[in-house]
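Colleague:
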Amino acid sequence: MAAFPHNFLWGAATAAYQVEGGHDTDGKGPSIWDIYSHLPGTTFEGTTGDIAVDHYHRFREDVALMAEMGLQSYRFSISWPRLLPAGAVR
Numbered sequence: 000m001a002a003f004p005h006n007f008l009w010g011a012a013t014a015a016y017q018v019e020g021g022h023d024t025d026g027k028g029p030s031i032w033d034i035y036s037h038l039p040g041t042t043f044e045g046t047t048g049d050i051a052v053d054h055y056h057r058f059r060e061d062v063a064l065m066a067e068m069g070l071q072s073y074r075f076s077i078s079w080p081r082l083l084p085a086g087a088v089r
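For what it's worth, numbering that gives the first Met the number 0 labels the leading residue of the sequence shown as 0, then goes sequentially.
(1) At a cut-off of 7 Å, would you count Arg57 as near the ligand GTP, judging by its Cβ distance to the nearest heavy atom?
(2) Would you be able to state if there are at least three C-beta pairs under 8 Å between the stretch 23-36 and the stretch 70-77?
(3) Count the other CB atoms, across all protein chains shown, that sit within 10 Å of the CB of Ala51; report buried if there are 16 or more and exposed otherwise.
(4) Below 8 Å, how does it come out for the stretch 58-73 and the stretch 10-23: are there three or more Cβ pairs, yes or no?
(5) Does Ser36 come out as helix, strand or coil in the three-state DSSP assignment?
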């Protein structure tokens, strides 16, 4: 098996809705999925991303854990409704 290149970075990636939490914190507007997941019968056992793994509030701890694991990079996404709570720039 070939070795990884010397400049290869070991890392992790996350998707906002799956990890972010803080669904109504600091002015974040609702996403389509926020609204949909609160409708009865639309998700398994009524679960939502309201808290998820609460990366929004625990990111410092999460990044420290990644560093402890020796990860060299981290790619993440930020929920659009957190950036544009009303859905558009006015």
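Backbone N, C-alpha and C fix where the C-beta goes; we use that ideal spot for every residue, glycine too.
Modeller: Taking the coordinates as given:
(1) What this structure holds is no ligand at all, so the ligand GTP is not there to describe.
(2) no
(3) buried
(4) With the cut-off at 8 Å, the stretch 58-73 and the stretch 10-23 touch.
(5) helix
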